[in-house]
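Participant: Mind having a look at this structure? Questions to follow.
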Amino acid sequence: MGILDSADVGHFDAEGARHVAARARAAGIGRTSAAALANVESPSAADVQAMLRTLITALEQSPVPKFEWQSVSRVFEAEQLADLLDISVSSLRRYQSGERETPDDVAARLHFVALVIGDLAGAYNEIGIRRWFQRKRTQLDGRAPAAVLGRNWDPDDPGPQRVRALAASLVTLAGA
Numbered sequence: 001m002g003i004l005d006s007a008d009v010g011h012f013d014a015e016g017a018r019h020v021a022a023r024a025r026a027a028g029i030g031r032t033s034a035a036a037l038a039n040v041e042s043p044s045a046a047d048v049q050a051m052l053r054t055l056i057t058a059l060e061q062s063p064v065p066k067f068e069w070q071s072v073s074r075v076f077e078a079e080q081l082a083d084l085l086d087i088s089v090s091s092l093r094r095y096q097s098g099e100r101e102t103p104d105d106v107a108a109r110l111h112f113v114a115l116v117i118g119d120l121a122g123a124y125n126e127i128g129i130r131r132w133f134q135r136k137r138t139q140l141d142g143r144a145p146a147a148v149l150g151r152n153w154d155p156d157d158p159g160p161q162r163v164r165a166l167a168a169s170l171v172t173l174a175g176a
């Protein structure tokens, strides 16, 4: 999502969790979790784990275009990303620069793509991620993920949910 960078992940002791929570809180997400963790001098592993679960849920439900435009644009060129989001390249550039506020429907699609990229990042590099969206998948009835998303799509629709589930399944495989 662009809220954390690679240096932020890897150390999930109490101090690392506090850092992650503070970065999320700065983006307006998980304020309660961050405050709860900050108020405990020596949180237990269970406290840290519970806070991280709550924070992950909050992050998954909270589009933050300010951060996501930059992180997603590192993977996709403007034309490719505009196609995925079903917007024009000129609109993409205005939203990306902050010249215009990102509409809620576009922010939701951008967030969805950021989450899918996050799922795929454990198994693919940036080239592989771009290609993943274009390759036909038997799990998607022989269609490519980009084709399943189609036009004027909503992340909560069944097709996009199948795309997300397929990408998320790679996290499980990568960790096996």
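FYI, in the working numbering the residues of the sequence shown are 1 to 176. Note that the Cβ used here is the ideal one computed from N, Cα and C, for glycine as well. Since the structure is predicted, the reported quantities are computational estimates derived from the model, not experimental observations.
Return the CA-CA distance between residue 162 and residue 133, expressed in angstroms with no decimal places.
Facilitator: Numbered from 1 along the sequence shown, position 162 holds the residue referred to as residue 162. Numbered from 1 along the sequence shown, position 133 holds the residue referred to as residue 133. Each residue's Cα considered, the two are about 13 Å apart.
Participant: For residue 141, report the span of its alpha helix (DSSP H) as first-last.
Facilitator: Taking the sequence shown and counting its residues from 1, one reaches residue 141 at position 141. Unbroken run through residue 141: none, as it is neither H nor E.
Participant: With a Cβ-Cβ cutoff of 8 Å, do residue 142 and residue 149 count as a contact?
Facilitator: For the purposes of this step, residue 142 is taken as the residue at position 142 of the sequence shown. For the purposes of this step, residue 149 is taken as the residue at position 149 of the sequence shown. Not in contact: residue 142 and residue 149 (Cβ atoms no closer than 8 Å).
Participant: Once you ignore the five residues that flank residue 136 on each side, which residues in its own chain have a CB closer than 7 Å to its CB?
Facilitator: Counting from one through the sequence shown, the residue named residue 136 turns up at place 136. So the list reads 142, 143 and 144, once near-sequence residues are dropped.
Participant: Which value, in whole angstroms, describes the spacing of the CA atoms of residue 184 and residue 109?
Facilitator: Look at the range of the chain in this structure, 1 to 176, and you will see that residue 184 is not part of it.
Participant: Output the distance between the C-alpha atoms of residue 117 and residue 44, rounded to the nearest integer angstrom.
Facilitator: For the purposes of this step, residue 117 is taken as residue 117 along the sequence shown, with counting starting at 1. For the purposes of this step, residue 44 is taken as residue 44 along the sequence shown, with counting starting at 1. Cα-Cα distance, rounded: 31 Å.
Participant: Return the chain-ordered list of same chain residues with a C-beta closer than 6 Å to the C-beta of residue 155, the five sequence neighbours on each side being excluded.
Facilitator: The residue labelled residue 155 in the question sits at position 155 within the sequence shown. So the qualifying residues of the chain are 108 and 112.
Participant: Do you know how far the Cα of residue 46 is from the Cα of residue 97?
Facilitator: Here residue 97 is taken as the residue at index 97 of the sequence shown, counted from 1. Here residue 46 is taken as the residue at index 46 of the sequence shown, counted from 1. For residue 97 and residue 46, the distance between alpha carbons rounds to 41 Å.
Participant: Of the residues 138, 123 and 146, which one's Cα is nearest the Cα of residue 168?
Facilitator: For this step, residue 168 is matched to residue 168 along the sequence shown. Checking every option, the nearest Cα to that of residue 168 belongs to 123.
Participant: Check each candidate in 105, 77 and 87 and name the one with the smallest Cα separation from residue 126.
Facilitator: Within the sequence shown, the letter at position 126 stands for residue 126. If we check each option's Cα against that of residue 126, 77 comes out closest.
Participant: Please report the distance separating the alpha-carbon of residue 176 from that of residue 146.
Facilitator: Taking the first residue of the sequence shown as position 1, residue 176 is located at position 176. Taking the first residue of the sequence shown as position 1, residue 146 is located at position 146. Here residue 176 scores only 44 on pLDDT, less than 50, and its place in the model is too uncertain to base an answer on.
Participant: Tell me which same chain residues have a C-beta within less than 8 Å of the C-beta of residue 94, skipping the five on either side of it?
Facilitator: Taking the first residue of the sequence shown as 1, we reach residue 94 at position 94. Only 100 meet the Cβ criterion.
Participant: Could you tell me the distance, in whole angstroms, from the CA atom of residue 86 to the CA atom of residue 121?
Facilitator: Here residue 86 refers to the residue found at position 86 when the sequence shown is read from its first residue. Here residue 121 refers to the residue found at position 121 when the sequence shown is read from its first residue. Between residue 86 and residue 121, the C-alpha separation is close to 23 Å.
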